[in-house]
Amino acid sequence: MGAQPTPGGLLLEAEGLGLERGGRQLFSGIDLRVGQGDLVQIEGANGAGKTSLLRILAGLSRYGFSGAVSRHAPQLFLGHHSAVKGLLTPRENLAWHIAGEAEFSADEIDQALAAVGLYGYEDVPSHALSAGQHRRVNLARLYLSRAPLWLLDEPFTAIDRSGVADLEARLALHLAGGGSVLLTSHQLVAVPHPLLRLDLATGLLQ
Amino acid sequence: MWSLFHKFGSPPWLYRLSGSILRWLLPITVIALVAGAVWGVLFTPPDFRQGNSYRIIYIHVPAAVVALAGYYVMAIAGAVSLIWRMKMADVAMRACAPIGAALTFIALVTGSIWGKPTWGTWWVWDARITSMLILFFLYLGVVALYEAYENKELAAKACAVLSLVGTVNIPIIYKSVDWWYSLHQPASIKFTGGTTIDPSMLYPLLLMIVAFYALFTCALLLNMRAEILQREQRTAWVRRLAAAGESD
Amino acid sequence: MYFESMAAALQMEGHGAFVWSAYLITLGAIVLILYAPRRREKRFLRQLEGQIRRSGGKVPGAAKEV
Amino acid sequence: MRVAGSAAFCARLLRRQLVLGLRRPVEIGNPLLFFAMVIALFPLGLGPAPDTLAAFAPGILWIVALLSNLLTSEGVFRSDFEDGSLEQLLLAPQPLYLSVLAYVLAQWLLTGFLLGLLSPLFALMLGLETGAIPALASSLLLGTAVLSLVGGIGAALTVGLRRGGMLISLLILPFYMPVLIFGSGAVQAALAGAPAGPYLALLGAMLCLAVALAPFAIAAGLRISVDA
Numbered sequence: 073m074g075a076q077p078t079p080g081g082l083l084l085e086a087e088g089l090g091l092e093r094g095g096r097q098l099f100s101g102i103d104l105r106v107g108q109g110d111l112v113q114i115e116g117a118n119g120a121g122k123t124s125l126l127r128i129l130a131g132l133s134r135y136g137f138s139g140a141v142s143r144h145a146p147q148l149f150l151g152h153h154s155a156v157k158g159l160l161t162p163r164e165n166l167a168w169h170i171a172g173e174a175e176f177s178a179d180e181i182d183q184a185l186a187a188v189g190l191y192g193y194e195d196v197p198s199h200a201l202s203a204g205q206h207r208r209v210n211l212a213r214l215y216l217s218r219a220p221l222w223l224l225d226e227p228f229t230a231i232d233r234s235g236v237a238d239l240e241a242r243l244a245l246h247l248a249g250g251g252s253v254l255l256t257s258h259q260l261v262a263v264p265h266p267l268l269r270l271d272l273a274t275g276l277l278q
Numbered sequence: 015m016w017s018l019f020h021k022f023g024s025p026p027w028l029y030r031l032s033g034s035i036l037r038w039l040l041p042i043t044v045i046a047l048v049a050g051a052v053w054g055v056l057f058t059p060p061d062f063r064q065g066n067s068y069r070i071i072y073i074h075v076p077a078a079v080v081a082l083a084g085y086y087v088m089a090i091a092g093a094v095s096l097i098w099r100m101k102m103a104d105v106a107m108r109a110c111a112p113i114g115a116a117l118t119f120i121a122l123v124t125g126s127i128w129g130k131p132t133w134g135t136w137w138v139w140d141a142r143i144t145s146m147l148i149l150f151f152l153y154l155g156v157v158a159l160y161e162a163y164e165n166k167e168l169a170a171k172a173c174a175v176l177s178l179v180g181t182v183n184i185p186i187i188y189k190s191v192d193w194w195y196s197l198h199q200p201a202s203i204k205f206t207g208g209t210t211i212d213p214s215m216l217y218p219l220l221l222m223i224v225a226f227y228a229l230f231t232c233a234l235l236l237n238m239r240a241e242i243l244q245r246e247q248r249t250a251w252v253r254r255l256a257a258a259g260e261s262d
Numbered sequence: 003m004y005f006e007s008m009a010a011a012l013q014m015e016g017h018g019a020f021v022w023s024a025y026l027i028t029l030g031a032i033v034l035i036l037y038a039p040r041r042r043e044k045r046f047l048r049q050l051e052g053q054i055r056r057s058g059g060k061v062p063g064a065a066k067e068v
Numbered sequence: 009m010r011v012a013g014s015a016a017f018c019a020r021l022l023r024r025q026l027v028l029g030l031r032r033p034v035e036i037g038n039p040l041l042f043f044a045m046v047i048a049l050f051p052l053g054l055g056p057a058p059d060t061l062a063a064f065a066p067g068i069l070w071i072v073a074l075l076s077n078l079l080t081s082e083g084v085f086r087s088d089f090e091d092g093s094l095e096q097l098l099l100a101p102q103p104l105y106l107s108v109l110a111y112v113l114a115q116w117l118l119t120g121f122l123l124g125l126l127s128p129l130f131a132l133m134l135g136l137e138t139g140a141i142p143a144l145a146s147s148l149l150l151g152t153a154v155l156s157l158v159g160g161i162g163a164a165l166t167v168g169l170r171r172g173g174m175l176i177s178l179l180i181l182p183f184y185m186p187v188l189i190f191g192s193g194a195v196q197a198a199l200a201g202a203p204a205g206p207y208l209a210l211l212g213a214m215l216c217l218a219v220a221l222a223p224f225a226i227a228a229g230l231r232i233s234v235d236a
């Protein structure tokens, strides 16, 4: 964390990653180098270990895998859970989510919420919002974060079509600015940017 | 040194090594246990205050001493597992808990039996027995935590953290229980001054303590062997071993 | 030997029952902690051997070579 | 970009935890209610004779405080684990040591601290001599802080498990015992007319040790639990 990108612009390196769960080899021999401006989609069937791989790369899983990961840049990880507290308002939730990165003013927070279509919902208790809106609170981080590498686990679930389009536009902007995105998704990602696919079954990057 | 450390991380090597150690250590342990027990029970004079019941000391004290030491062995294995992520340290830690619990159990039961002729009751909240009881709970806690985790690798890490917390706490628990006992109990029940034990009683006791340490080592190695095989059941060396139909 | 006869050793001036029962219980516990893992190991190897024979020399799921 | 300072981050976390607690006032009341109810069980079980109750009062008050702390410790990390907040906390660049300290401090403020403040009331119900009440309140304030820190270790290790509730008591109760011994010892000393200072000093020493070491164990436990 907080390390600088290598001279070659590498943000994340992984070598020979393998994972065994319950006596079954989920994947093995995964080599991955993510540089600036890379968009990587991790592909695989249900239960192939996409989320597990992402958690290993993020540093949440520390035990039970083989291989090595080196992180050269700050990361932003969005997992399955929205991390939204029902008792807090979207504004409070977002302010806390982003608190680890930097201090943001109330205006910046509100603008980010507006960008994900939550204008007018800033002060509603979050338990009154839908699952999709929770997800949007979570995605609003992407409008504030300045971490160069994003690790997104199924970012398109639970949001509607316009939300997907907004998110894709945001990803494109991030990539154009030299940022990188690593994501798992079942659907095609329509971003006008070269897409690398990592197939978990074969370990090949295309 | 470093290469030896790596060897300890290798299951087949550890399995073979433990086999050759056990081949001579196990008979020696049994002989020492029998010799110490016979010496203590039949060839020592009785205690002038407690008479013959004190002969239980030859199993009670060694079991208590080794049970406590076993907790520290477990914690050290846990620390190795956390710091160097050595899988064989997980195995050793896992193996310590049931043995330690069994030894604590021996110490508790023999202490209770000893209490009946000495104090006229099966259970006294005496400092040593109370500390032993708490140690027993600590061991059972480690076993329970291990069993509660489905992922056994994480189970071992969690138990390692717990046993390290225990090592910090055990001296505090022992001291506080000692202090609590001296506050609440009149001095009349006090016995075994400890400092003035006759050599004729001391030597068999020392022999038994050494024998119990050896017993702990044997049980630890045996448990580790069983655990290693189960963890490595899909590897070629275990398959060859099983196909050959022998265990050494 | 401290005691004059075997009977005296068993009796121990009234403390015999306590001392001997303590030793017997300990013996039982020691046998158990030494025997249980040994039995676990033997049984496991037998099981595995049976598995190998049934599947014609291969263990299902055996992947790693060491 | 300037990374948010650790102190500011912790203050924010502490405020968040307190806000979350205060928005559910009933949940703050629950441990106190539990405390009152269990206290009420003792006269029913032991008989209402004031002498008996007063003699057992230090032990009763301390044991019940310990149990109510145990019950609240279990849930410190539960909801944050379930909704994914904990993952984000572990990934934050700020030291986890300070973050978990903020968690435990918030939990203590909402349980042990309030219990310590309200304990004179319960002491009077059991007929504890008024002279021993300062010792009771101060020993509870110090002691429950230790209990919260130690309980946090159990909570961190079991938060990922489905059947954590019973397990945490098995893991943690042995570690509570020294606190119980010195806590009730302080009250008994005060009852006997002896100074309670040495006991409080010992509890204070335990608190220092717990503050220094427990957050490491809690942090390690959380990393293991989130890994699962």
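Protein chains in written order, with my numbering: chain A, 73 to 278; chain B, 15 to 262; chain C, 3 to 68; chain D, 9 to 236. Cβ coordinates follow ideal geometry from the N, Cα and C atoms, glycine included.
is_contact[residue i, chain B] using C-beta, thresh 8 Å
i	result
L12 of chain C	no
R56 of chain C	no
Within 8 Å, strictly: CB atoms of residue i and residue j
i	j	result
M133 of chain D	I47 of chain D	yes
L83 of chain A	H144 of chain A	yes
Y4 of chain C	P76 of chain B	no
Y111 of chain D	V154 of chain D	no
R231 of chain D	R134 of chain A	yes
D91 of chain D	S124 of chain A	no
L277 of chain A	L267 of chain A	no
M107 of chain B	P25 of chain B	no
R213 of chain A	I231 of chain A	no
W194 of chain B	I189 of chain D	yes
T231 of chain B	L47 of chain B	no
T43 of chain B	A169 of chain B	no
A162 of chain B	R171 of chain D	yes
G229 of chain D	I180 of chain D	no
S294 of chain A	G158 of chain A	Since the displayed chain A opens at 73 and closes at 278, residue 294 of chain A lies outside it and no answer follows.
S147 of chain D	Y207 of chain D	yes
Interface residues of chain B facing residue i [CB-CB closer than 8 Å]
i	result
G55 of chain D	Here the premise fails: no neighbours, minimum Cβ distance about 23 Å.
Y215 of chain A	In chain order: nothing, as chain B lies at least about 35 Å away.
F190 of chain D	S190
G136 of chain A	N165, E167 and L168
F64 of chain D	By Cβ distance, chain B contributes nothing, its closest Cβ being about 14 Å from F64 of chain D, past 8 Å.
Under 7 Å by beta carbon: chain C residues contacting residue i
i	result
G65 of chain B	E15 and H17
is_contact[residue i, chain D] using C-beta, thresh 8 Å
i	result
S190 of chain B	yes
L224 of chain A	no
Y84 of chain B	Per the sequence shown, the amino acid found at residue 84 of chain B is Gly instead of Tyr. With 8 Å as the cut-off, G84 of chain B does not count as an interface residue toward chain D.
L84 of chain A	no
A244 of chain A	no
N183 of chain B	yes
A273 of chain A	no
F151 of chain B	yes
I187 of chain B	yes
G208 of chain B	Here G208 of chain B scores only 48 on pLDDT, less than 50, and its place in the model should not be relied on; the value that follows carries that caveat. Not one chain D Cβ lies under 8 Å of G208 of chain B.
V94 of chain B	no
Closer than 8 Å to chain A by CB, residue i
i	result
E95 of chain D	yes
F85 of chain D	no
L106 of chain D	no
Within chain A, partners of residue i - CB distance below 8 Å
i	result
Q102 of chain D	G172
Inter-residue CB distance, residue i and residue j (contact presumed, cutoff 8 Å)
i	j	result
A115 of chain B	V87 of chain B	Actually they do not touch by this definition, with Cβ atoms about 13 Å apart.
V196 of chain A	T229 of chain A	That belief does not hold up - the Cβ atoms of V196 of chain A and T229 of chain A are roughly 22 Å apart, past 8 Å.
T28 of chain C	T124 of chain B	6 Å
Neighbour flag for residue i against chain C, beta carbons, 8 Å
i	result
P200 of chain B	Only weak support is given to the placement of P200 of chain B: the predicted model assigns it a pLDDT of 48, under 50, and the value that follows is read from those uncertain coordinates. No, its Cβ sits nowhere closer than 8 Å to a Cβ of chain C.
I223 of chain B	no
V156 of chain B	no
Interface partners of residue i on chain A, CB under 9 Å
i	result
F17 of chain D	A171 and G172
* Length-filtered (4 minimum) alpha helix (DSSP H) runs lying within the region 33-88 of chain B -> none
* Complete beta strand (DSSP E) runs within the region 99-152 of chain A (minimum length 3 residues, chain order) -> 111-115, 137-143 and 147-150
* To do: Note down, one range per segment and in chain order, each beta strand (DSSP E) of at least 3 residues found wholly within the region 152-232 of chain A.
  => 221-225
* Proximal residues, the region 144-166 of chain A versus chain F, C-beta separation under 8 Å -> Considering every chain present, this structure includes no chain F. Its protein chains are A, B, C and D.
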